[in-house]
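Read top to bottom, the protein sequences are chains A and B.
Each residue of the first sequence is one higher than the one before, counting from 1 in my numbering.
Each residue of the second sequence is one higher than the one before, counting from 1 in my numbering.
Heads up, the beta-carbon is just placed ideally off N, CA and C, and yes, glycines get one too.
None of the values given here were measured: they were computed from a predicted structure.
Working notes, structure below.
Number of protein chains: 2
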Amino acid sequence: MKRLKVAVLGCGSVGSQVVRLLTEQADDLAARVGAPVELVGVAVRRLDAPREVEVAPGLLTTDAHGLVSGGEVDLVVELIGGIEPARSLILTALEHGASVVSANKALLAEDGSTLFEAAEKAGRDLYYEAAVAGAIPILRPLRESLAGDTVTRVLGIVNGTTNFVLDKMDTTGAGFTDALEEAQELGYAEADPTADVEGFDAAAKAAILASLAFHSRVTVADVYREGISEVTAADVASAREMDAVVKLLAICELKDGAVAARVHPAMIPRSHPLASVREAYNAVFVESEAAGQLMFYGPGAGGSPTASAVLGDLVTVARNRLAETRGTGESSYAARAVLPMGETLTRYHVSIDVADRAGVLAAVATAFSEHGVSIQTVRQEGRDDDAQLVVVSHRATDRQLADTVEHLRGMEIVRDITSVMRVEGMSE
Amino acid sequence: MKRLKVAVLGCGSVGSQVVRLLTEQADDLAARVGAPVELVGVAVRRLDAPREVEVAPGLLTTDAHGLVSGGEVDLVVELIGGIEPARSLILTALEHGASVVSANKALLAEDGSTLFEAAEKAGRDLYYEAAVAGAIPILRPLRESLAGDTVTRVLGIVNGTTNFVLDKMDTTGAGFTDALEEAQELGYAEADPTADVEGFDAAAKAAILASLAFHSRVTVADVYREGISEVTAADVASAREMDAVVKLLAICELKDGAVAARVHPAMIPRSHPLASVREAYNAVFVESEAAGQLMFYGPGAGGSPTASAVLGDLVTVARNRLAETRGTGESSYAARAVLPMGETLTRYHVSIDVADRAGVLAAVATAFSEHGVSIQTVRQEGRDDDAQLVVVSHRATDRQLADTVEHLRGMEIVRDITSVMRVEGMSE
Numbered sequence: 001m002k003r004l005k006v007a008v009l010g011c012g013s014v015g016s017q018v019v020r021l022l023t024e025q026a027d028d029l030a031a032r033v034g035a036p037v038e039l040v041g042v043a044v045r046r047l048d049a050p051r052e053v054e055v056a057p058g059l060l061t062t063d064a065h066g067l068v069s070g071g072e073v074d075l076v077v078e079l080i081g082g083i084e085p086a087r088s089l090i091l092t093a094l095e096h097g098a099s100v101v102s103a104n105k106a107l108l109a110e111d112g113s114t115l116f117e118a119a120e121k122a123g124r125d126l127y128y129e130a131a132v133a134g135a136i137p138i139l140r141p142l143r144e145s146l147a148g149d150t151v152t153r154v155l156g157i158v159n160g161t162t163n164f165v166l167d168k169m170d171t172t173g174a175g176f177t178d179a180l181e182e183a184q185e186l187g188y189a190e191a192d193p194t195a196d197v198e199g200f201d202a203a204a205k206a207a208i209l210a211s212l213a214f215h216s217r218v219t220v221a222d223v224y225r226e227g228i229s230e231v232t233a234a235d236v237a238s239a240r241e242m243d244a245v246v247k248l249l250a251i252c253e254l255k256d257g258a259v260a261a262r263v264h265p266a267m268i269p270r271s272h273p274l275a276s277v278r279e280a281y282n283a284v285f286v287e288s289e290a291a292g293q294l295m296f297y298g299p300g301a302g303g304s305p306t307a308s309a310v311l312g313d314l315v316t317v318a319r320n321r322l323a324e325t326r327g328t329g330e331s332s333y334a335a336r337a338v339l340p341m342g343e344t345l346t347r348y349h350v351s352i353d354v355a356d357r358a359g360v361l362a363a364v365a366t367a368f369s370e371h372g373v374s375i376q377t378v379r380q381e382g383r384d385d386d387a388q389l390v391v392v393s394h395r396a397t398d399r400q401l402a403d404t405v406e407h408l409r410g411m412e413i414v415r416d417i418t419s420v421m422r423v424e425g426m427s428e
Numbered sequence: 001m002k003r004l005k006v007a008v009l010g011c012g013s014v015g016s017q018v019v020r021l022l023t024e025q026a027d028d029l030a031a032r033v034g035a036p037v038e039l040v041g042v043a044v045r046r047l048d049a050p051r052e053v054e055v056a057p058g059l060l061t062t063d064a065h066g067l068v069s070g071g072e073v074d075l076v077v078e079l080i081g082g083i084e085p086a087r088s089l090i091l092t093a094l095e096h097g098a099s100v101v102s103a104n105k106a107l108l109a110e111d112g113s114t115l116f117e118a119a120e121k122a123g124r125d126l127y128y129e130a131a132v133a134g135a136i137p138i139l140r141p142l143r144e145s146l147a148g149d150t151v152t153r154v155l156g157i158v159n160g161t162t163n164f165v166l167d168k169m170d171t172t173g174a175g176f177t178d179a180l181e182e183a184q185e186l187g188y189a190e191a192d193p194t195a196d197v198e199g200f201d202a203a204a205k206a207a208i209l210a211s212l213a214f215h216s217r218v219t220v221a222d223v224y225r226e227g228i229s230e231v232t233a234a235d236v237a238s239a240r241e242m243d244a245v246v247k248l249l250a251i252c253e254l255k256d257g258a259v260a261a262r263v264h265p266a267m268i269p270r271s272h273p274l275a276s277v278r279e280a281y282n283a284v285f286v287e288s289e290a291a292g293q294l295m296f297y298g299p300g301a302g303g304s305p306t307a308s309a310v311l312g313d314l315v316t317v318a319r320n321r322l323a324e325t326r327g328t329g330e331s332s333y334a335a336r337a338v339l340p341m342g343e344t345l346t347r348y349h350v351s352i353d354v355a356d357r358a359g360v361l362a363a364v365a366t367a368f369s370e371h372g373v374s375i376q377t378v379r380q381e382g383r384d385d386d387a388q389l390v391v392v393s394h395r396a397t398d399r400q401l402a403d404t405v406e407h408l409r410g411m412e413i414v415r416d417i418t419s420v421m422r423v424e425g426m427s428e
């Protein structure tokens with residue numbers, strides 16, 4: 001009976017859980033695959049580094065290149081992350097006839113096409129469910145379950161760190177800095193939290209989601225990005241007053257046949273299914289023409305959940321190897337244009353401190369209408385010697401909305417703009 | 001270039017949407033499949049029946065058997081429902097070399113093994129994502145994404161009618177009969193609502209979910225079933241008092257290597273992700289060893305959403321045909337025993353009207369402990385001349401709990417037991 005040989009590249013928190021499952025679940029995996037799956041090597045940077053799992057010393061190697069180019073490996077699991085050497089190793093593995101499972105969102109979002117073309121040329125699989133939203137099966141449903149439908153929109157909470165921080169700000173009233181510190185103490189945020197907090201991680205995932213949802217190639221350079229470091233306690237309080245909550249969203253949409261992909265904080269109504277995604281959980285909300293609204297929810301990170309997604313891919317890829325076939329692969333036939341952020345449709349929530357005198361509301365309303373933006377609601381709150389206007393617009397292009405805010409800033413009656421945030425997930 | 005020929009059996013609300021999508025999305029489908037997909041016949045009972053989609057007259061036939069046995073069809077979509085003639089038609093289609101997509105939960109739950117064996121023998125696919133939870137991709141994630149993990153529990157809201165009725169009872173305080181009438185008026189419940197209300201529909205889905213989750217064959221006869229027709233406004237109010245909500249749950253669990261599958265109303269905490277599933281939506285909550293907690297949410301029924309799931313399967317099955325391969329297929333290698341309901345672990349919520357005198361609580365507590373059931377919480381509420389005890393137990397076998405309730409009913413100090421309901425989704 002054929003045995004399938006697996007090499008694992010990287011043995012950090014995910015890699016060690018993959019190695020553990022490959023060992024502990026060997027019998028179940030063999031039953032599911034239809035042949036034994038044998039771990040033949042684990043590439044690491046340092047042989048003597050401490051790790052969460054015991055690896056037989058004969059399996060450990062620092063020569064990742066040698067491991068994937070020996071021609072003896074059927075399946076390569078790439079868990080190194082980053083661009084290089086991960087890209088070279090994946091390309092080498094494919095050239096030498098191995099199928100690949102990867103969790104490398106940065107690489108796939110930056111240079112997926114090089115990898116997909118290499119997989120196509122080699123006639124091998126490249127699967128990467130673990131690259132987006134950890135254990136949540138979202139790429140496979142997009143690629144396969146919804147393949148007969150037309151996806152129109154994807155809204156995702158795809159970064160656990162920022163969701164934890166925003167959830168803390170919402171439930172405790174804390175400011176960004178305090179909430180981030182708590183996240184760091186609890187291990188939900190890195191010492192250098194930039195990749196999460198500034199939306200880089202979510203932007204890579206948005207590029208992957210948009211590519212799959214719309215059958216087109218979208219790279220991270222196509223994704224508009226704003227992080228959460230400028231979200232204030234006042235923004236969160238203002239959201240609360242309109243029965244909304246602030247989330248960092250990855251939004252992928254079709255507009256007139258073009259793709260728009262963006263990551264930014266947004267207010268969403270508390271009645272929206274995404275609003276109930278708490279702590280470091282992730283969820284992806286999908287709108288399609290026939291299926292309607294779907295949501296996929298679960299842990300977005302962590303060694304063990306991510307390893308579950310890797311193993312799911314590994315079973316499929318292994319079965320394909322035995323059947324001498326390939327899975328669905330990438331589908332980029334639609335080759336859509338990418339819409340600039342300025343042309344994306346959204347709506348704004350703007351809190352404005354204004355002089356408390358007659359005609360103020362009319363002047364503000366005129367500023368909106370001069371930019372072609374219509375107002376959905378205005379709430380006026382008197383204070384001692386000034387007043388607060390809270391405006392929620394109807395949908396308009398981001399450029400019209402940004403121009404309106406710029407205009408407001410220059411008005412004599414406007415003392416300060418205390419909060420500007422996009423609003424998503426409301427029915428028009 | 002090879003064209004794939006598709007026959008659709010049944011042209012009701014789902015069938016007509018499938019026919020519409022096959023026609024309208026023909027170009028996209030061809031791109032996703034890799035070859036044109038051509039509708040060659042639609043089998044109906046009456047040629048002149050009114051339908052939601054225009055079907056070219058030459059395609060309509062009343063001879064379903066002739067359509068699937070002509071040997072010219074690559075893919076058969078079975079949307080007739082029920083046991084016969086659906087079973088014979090699927091078996092004939094497989095024998096004649098067609099791959100099959102079905103949405104027939106009743107047939108799969110009653111006699112899936114006959115179908116799976118026929119598909120295996122024919123070397124063809126049998127896919128049925130649409131049979132459980134409409135458009136929500138749940139079977140594919142269970143079968144493929146979680147194939148490297150060990151699922152331990154599935155909790156599903158898999159019947160939209162009963163969820164609508166229970167949601168109405170929760171939000172308006174209505175009784176079962178009034179809520180059901182409203183559901184019927186709005187088209188969420190049939191004129192004869194038995195299949196939904198008494199849990200038969202959910203039980204068929206539970207059998208399918210348990211089979212896939214635990215790699216074993218579970219039929220509808222193995223599923224314990226209670227409907228919602230005896231859920232009272234008092235039960236719902238009692239749930240509300242403990243910050244819980246009543247849902248009809250399909251529960252599939254592993255216990256000591258055996259499978260337990262059951263459908264019954266249960267109280268779940270409002271903080272549980274399933275509690276926020278409103279109206280006629282469905283959701284399936286999955287617990288697994290490595291991935292942790294996942295939830296899949298969306299519309300559980302309706303022509304268009306169900307057609308989306310059918311088309312997703314059709315694309316996969318069509319691609320497999322072109323590659324001359326099969327998909328994952330059924331995996332029943334684990335061949336697990338089925339646990340009787342009495343041995344299933346659960347917990348009870350019991351509301352008891354008792355005589356208001358000293359020692360009542362002690363007597364009731366003694367009754368629980370005599371059956372080996374420990375109590376988690378007791379709430380005592382005084383009334384005019386009697387008192388109400390609300391007891392939530394710790395986990396015990398269903399038999400121990402049922403015996404306890406039987407014992408309580410026979411006690412002299414117990415005037416009435418006003419509500420008995422299982423509680424799920426609480427941490428122990």
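- Three or more beta-carbon pairs separated by less than 8 Å are not found between the stretch 374-383 of chain B and the stretch 188-204 of chain B, which leaves the two stretches without contact.
- Using a Cβ-Cβ cut-off of 8 Å, Y188 (chain A) is close to nothing in chain B; its nearest Cβ partner there is about 15 Å away.
- When DSSP states are grouped into helix, strand and coil, P269 (chain A) belongs to the strand group.
- Under the Cβ criterion of 8 Å, D74 (chain B) is not counted among the residues facing chain A.
- In this structure, the straight-line span from the alpha carbon of D125 (chain B) to that of V317 (chain B) is close to 6 Å.
- With contacts defined by Cβ atoms closer than 8 Å, D386 (chain A) and T344 (chain A) do not form a contacting pair.
- Residue-level contact by beta carbon fails for T172 (chain A) and chain B, as no gap is shorter than 8 Å.
- Restricting attention to A:F164, A:T23, A:G12, the CA atom closest to the CA of K5 (chain A) is found in A:T23.
- Cβ-Cβ distances below 7 Å link A103 (chain A) to V14, L79, Y128, A130, A131, T306, V310 in the same chain, with the five nearest sequence neighbours on each side left out; the list follows chain order.
- Residue environment for Y333 (chain A): exposed (fewer than 16 other C-beta atoms within 10 angstroms of its C-beta).
- As summarised for the stretch 57-143 of chain B, the continuous alpha helix (DSSP H) elements at least 4 residues long and confined to that stretch are 64-69, 86-95, 105-122, given in chain order.
- With respect to the 8 Å criterion, R319 (chain A) and V33 (chain A) are classified as neighbours on the basis of their beta carbons.
- Just so you know, the alpha carbons of V77 (chain A) and V55 (chain A) end up roughly 16 Å apart.
- Secondary structure in the stretch 20-64 of chain B: the alpha helix (DSSP H) runs of 4 residues or longer, each lying completely within the stretch, are 26-33 in chain order.
- The alpha-carbon of I352 (chain B) is positioned some 5 Å away from that of I417 (chain B).
- Residues of chain B with a Cβ closer than 7 Å to the Cβ of F116 (chain A) do not exist; the shortest Cβ-Cβ separation is about 16 Å.
- When rounded, the separation of the alpha-carbon atoms in G300 (chain B) and V277 (chain A) is 21 Å.
- With contacts defined by Cβ atoms closer than 8 Å, S99 (chain B) and L75 (chain B) form a contacting pair.
- If you draw a straight line from the Cα of R270 (chain B) to the Cα of L107 (chain A), it is about 40 Å long.
- Taking each of B:A179, B:E181, B:L314, B:I375 in turn and checking the Cα distance to L21 (chain B), the smallest one comes out for B:L314.
- Distance from the CA atom of G298 (chain A) to the CA atom of S369 (chain A), rounded to whole angstroms, is 42 Å.
- Pairing A204 (chain B) with V220 (chain B) gives a Cβ-Cβ distance under 8 Å.
- Around the beta carbon of L166 (chain B), a 10 Å sphere encloses 16 or more other beta carbons of the protein chains shown; the residue is thus reported as buried.
- P57 (chain B) counts as exposed, since fewer than 16 other beta carbons sit within 10 angstroms of its beta carbon.
- At least one C-beta of chain A is nearer than 8 Å to the C-beta of Q293 (chain B).
- Straight through space, the alpha carbons of L212 (chain A) and V158 (chain B) are spaced by roughly 28 Å.
- In summary, the residues of the stretch 5-34 of chain B whose CB is separated from some CB of chain A by less than 8 Å are Q17, L21, Q25, D28, L29, A31, R32, in the order they occur in the chain.
- Closest option to R46 (chain A), judged by alpha-carbon separation, among A:V53, A:L361, A:D63: A:D63.
- For a Cβ distance threshold of 8 Å, residue set E144, A147, G148 of chain A lies close to V315 (chain B), ordered along the chain.
- For N282 (chain A), the beta-bridge partners assigned by DSSP are A:G298.
- Look at S331 (chain B): its C-beta is under 8 Å from a C-beta on chain A.
- The beta-bridge partner set that DSSP reports for A261 (chain A) consists of A:C252.
- Your pair V218 (chain A) and V259 (chain A) checks out as a contact, with CB atoms roughly 6 Å apart and the cut at 8 Å.
- Contacts between R321 (chain A) and chain B, judged by CB atoms closer than 7 Å, are missing: the closest CB pair is about 12 Å apart.
- Contact note: F176 (chain A) does not reach chain B at a C-beta cutoff of 9 Å; the least C-beta distance is about 26 Å.
- In the three-state reduction of the DSSP assignment, T346 (chain B) falls in the strand class.
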